[in-house]
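Data block below; observations after.
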Amino acid sequence: MFKKSHTAYLLAFLFLWIGNSCFSQEEQEDLKVGLVLSGGGAKGLAHIGALKVIEDAGVRVDYIGGTSMGAIIGALYASGYNARELDSIFNQLEFSSLIQDEIPRSAKTFYEKDESEKYALTLPFDDFKIGFPSGLSKGQNVYNLLSKLTSHVNDVEDFSKLPIPFFCVATNVETGKQLILDKGYLPRAISASGALPSLFSPVTINEQVLIDGGVVNNYPVDELKAKGMDVIIGVDVQDSLRTRENLKSAFEVLIQINNYRTINDMKNKIGKTDVYIKPDIEDFTVVSFDEGRKIIKAGEEKTNNQRVKLETIARKQKKKTKKEVTFNTASELFISDITIDGNVKYTRSYILGKLKLRTNDFVNYSDFNLGVNNLSATGNFQSIDYQFSEIEKDKYVVNFVVKESDSNTSLRLGVHYDDLYRTAALINLTRKRALTNNDIVSFDFIIGDNIRYDFNYFIDKGYYWSIGFNSKFSFFDKDIPFNSEEFLESANTQINRIDIEYTDLTNQLYVETLFRRSFLLGIGAEHKWLRQLSETIGIDEDNNPRTIFEDTDYYSAFGYLKYDTFDNKFFPNSGIYFEGDFHLYLFANGINKDFDEFSIAKAKASYAHSFSNKLSTVISSEGGFKIGNEATTSLDFSLGGYGFKQLNNIIPFYGYEALSLNGDTYLKSSITLDYEVVKKNHINAFVNIANVGDNLFENGQWIDGIDYSGFGVGYGVETFLGPVEIKYSFSPERDEGEWYVSAGFRF
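Just so you know, the sequence shown maps onto residues -24 to -1, 1 to 723 in mature numbering (1 follows the signal peptide of the UniProt record, and there is no 0).
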């Protein structure tokens, strides 16, 4: 009995000892865990959800390998951000602006604002051959963001020295071979890995032209295993093959072609992955960034299914104190110097003038990014790289490396409709660096119901005095109210409306300069040929059925001042706009035999304010007057209509058709309330009032009451062709309404 009991105790002791030894051995293990994150565009946001669960399970990630969006998420995680911080960062981003390289209007010069708000499509046209951009976006906004987010590891050039060692994959576009990026400047490396063909332009690193790594290796599991990892956790957000019903664009077809190889490769790669996570994101596309919240949730839910495996792995890892990461939370930095490399055609002073940066001074990040965007907005640079180098405590040198654009000629197109010029199609040819490195030659030819042209030659000197020459020809014919009592009495007839043919040829030579970064001041000389006639009434000296009201060349000197901080020209939410213009008409030659020297002054001020992210208002006031020579009326103010490119002193006014109200003096005020019902779709309500007539200031009629008014509602949509608007307005004085239709950028 004793022996049996003794034997039993002995066996129990041995089992406990062996079990304890095994448990101790398990605890002594320290598994090295590698994390591989695939590419997948917007679907890559699921990586953030997966990382949340991996963190919560207690897994220590020892190495990260990623491609494309997996490289971006992986690099940020490797640099020290945790999953919840990444969740917060990505949920605050406006992806459409980020991806499309939308440059804030405030970053553009006045000339660039005018250019960007005229053309719907721009194509390379070097050697008179139409080309296509290498990508819809240069990725400058993405680069700016990544540079800011990784500024705390700016000095880390070996990615294995990051808080978590990291590498990413890119594709050499010339050889078709993969390139492992594990050294260099982190933002540039992950920008190259994520340069999705047709969406982003290629990225050049060490003379190699690189695109999205997913083209050759979208799931770098073998490369990660080679780093000595014991366990591989993989998150796969790649597309599956789509049916014909879901292939609705050329971009989706390109993605499908690339998916043939990646899906086939995954058959072997899944077997090399110890914990394979494939989120349920079939209903999303690579550009579904607006559904990021759902995608992140999908990654979290699928990874939770692997929670037991992840916790088991965590138990087999030694607990190590995570190195504390100090993020750069400063809103500004001190720039002691700026270096620029890569510029050949554009001088250092030109680049610095566009950047608007000062050395030996503090610059906040928003102003810095604004300067970079301003340089990018010129279109003269294919890429703009920069890196901050800390030379001493909190003092930095910014090292810029620019790649100038090889293309200097472009073909640009636009379309428009309004009630004054009616249908119009625009063809533009623009050439940069025609005579000097800083000049631009641009010629608009406009066809449709009316033929027009607009020629510009501009030498951009930045903050110095820039020089320009402009020649434009405008023509329209318009059936307008006719109330010339003198003519009607002499003609012994009653006519309510006549058809007017309005011709304007204007040539200007001017100089202008920026001051205080926001004001534009210019002066110049102008020649203007005006011709106004009607074939509705009268017989001319050649017995032709027409009456010529004006056919005169006018010569003047002029000056102008502009200030424009509107965030959007057509649907502004914030900012101030001011424009003042003064013309002194010195002499004339033509049928105007009663010419005496006279001048015209006018000004407009507008203020935009948002009450919420949906509701905004614009309040505007303007006016103008003529001094001297009451006999010359062809340049007086004419109010009415909406949606056209303003010409001379023809002013829009709700409630009346174009050219209805005339006089040598006018005062006008308006207020518009705009509600953005869904993105880029606007409902607005408006009211405007005006006094128009002759000598209003002299006879006191400018304050004796409101002579004209109009109010109404409208609907507008922002499109790549420009705003498309329809408005209805009503005038109490006329007891009639007017419909206005305007489509496309105004030119």
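For each residue, glycine too, the CB sits at the ideal point set by N, CA and C. Keep in mind it's a predicted model, so treat the numbers as computed, not measured.
- The alpha carbon of Ala564 has as its nearest neighbour, out of Lys538, Ser532, Ile682, the alpha carbon of Ser532.
- By the Cβ rule, the region 127 to 135 counts as touching the region 299 to 313, because three or more pairs are nearer than 8 Å.
- Taking every protein chain shown into account, the CB of Ile427 has fewer than 16 other CB atoms within 10 angstroms, so this residue is exposed.
- Collapsing the DSSP output to three states places Gly616 in coil.
- Taking C-alpha positions only, Ile79 is separated from Asp343 by approximately 13 Å.
- In this structure Gly599 touches Tyr642 by the C-beta definition: roughly 6 Å separates them, less than 8 Å.
- In this chain, the alpha helix (DSSP H) harbouring Lys330 covers 324 to 331.
- Residue range 162 to 169 is occupied by the alpha helix (DSSP H) that includes Pro163.
- Non-local beta-carbon contacts of Phe445 in its own chain, meaning distances under 6 Å to residues more than five positions away in sequence, involve Tyr433, Leu485 in chain order.
- Contact between Ile316 and Ile327 holds, with the beta-carbon distance rounding to 6 Å and staying under 8 Å.
- Per DSSP, His23 is one residue of the alpha helix (DSSP H) stretching across 22 to 32.
- Under the rule that a run must span 4 or more residues, the alpha helix (DSSP H) segments found entirely inside the region 260 to 346 read 268 to 280, 283 to 291, 324 to 331.
- At a cut-off of 3 residues, the continuous stretches assigned as beta strand (DSSP E) that sit fully inside the region 107 to 135 are 111 to 113.
- Residue burial annotation: Asp63 is buried, with at least 16 other C-beta atoms found within 10 angstroms of its C-beta.
- Measuring C-alpha to C-alpha distances from Ser92 to each of Leu387, Phe101, Arg81 identifies Arg81 as the nearest.
- The three-state secondary structure of Ala719, taken from DSSP, is strand.
- Excluding its 5 nearest sequence neighbours in each direction, Lys89 has C-beta neighbours in its own chain below 8 Å: Arg81, Asp540, Lys545, listed in chain order.
- Boundaries of the alpha helix (DSSP H) around Asn675: 672 to 675.
- Exclusion of the five residues before and after Arg36 leaves Gln293 as the residues of its chain whose Cβ lies within less than 6 Å of its Cβ.
- Counting along the chain, no alpha helix (DSSP H) covers Asp103, and no H or E run does either.
- Proximity of the region 193 to 210 to the region 175 to 182 falls short of the contact definition, fewer than three beta-carbon pairs being nearer than 8 Å.
- Ser592 is the residue among Leu121, Ser592, Lys578 whose C-alpha sits nearest the C-alpha of Gly551.
- Here Ile48 carries a helix assignment [DSSP, helix/strand/coil].
- Comparing alpha carbon positions, the residue from Lys153, Ser597, Leu286, Phe135 closest to Ser645 is Ser597.
- Sequence-distant Cβ neighbours of Val263 in its own chain, meaning closer than 7 Å and more than five residues away, are Gly17, Ala18.
- Between the region 334 to 343 and the region 63 to 72, the count of C-beta pairs closer than 8 Å stays below three; the two stretches do not touch.
- By the 16-neighbour rule on beta-carbons within 10 angstroms, Asp38 is buried.
- Using a Cβ distance threshold of 7 Å, Leu309 and Lys330 do not count as a contacting pair.
- For the set Gln214, Glu300, Phe265, Ile253, the Cα lying nearest the Cα of Asn240 is the one of Gln214.
- Between Leu138 and Ala47 the beta-carbon gap is near 13 Å, outside 8 Å, which marks them as no contact.
- DSSP places Val179 within a strand segment (E or B) once states are collapsed to three.
- A direct Cα-to-Cα measurement between Pro699 and Leu506 gives close to 30 Å.
- Between Ser44 and the set Ala165, Thr151, Tyr393, Leu121, the nearest pair of CA atoms involves Ala165.
- Distance from the CA atom of Gly617 to the CA atom of Glu633, rounded to whole angstroms, is 4 Å.
- Between the region 651 to 659 and the region 615 to 630 there are fewer than three inter-stretch CB-CB distances shorter than 8 Å, so the stretches are not counted as touching.
- By the 16-neighbour rule on beta-carbons within 10 angstroms, Asn281 is exposed.
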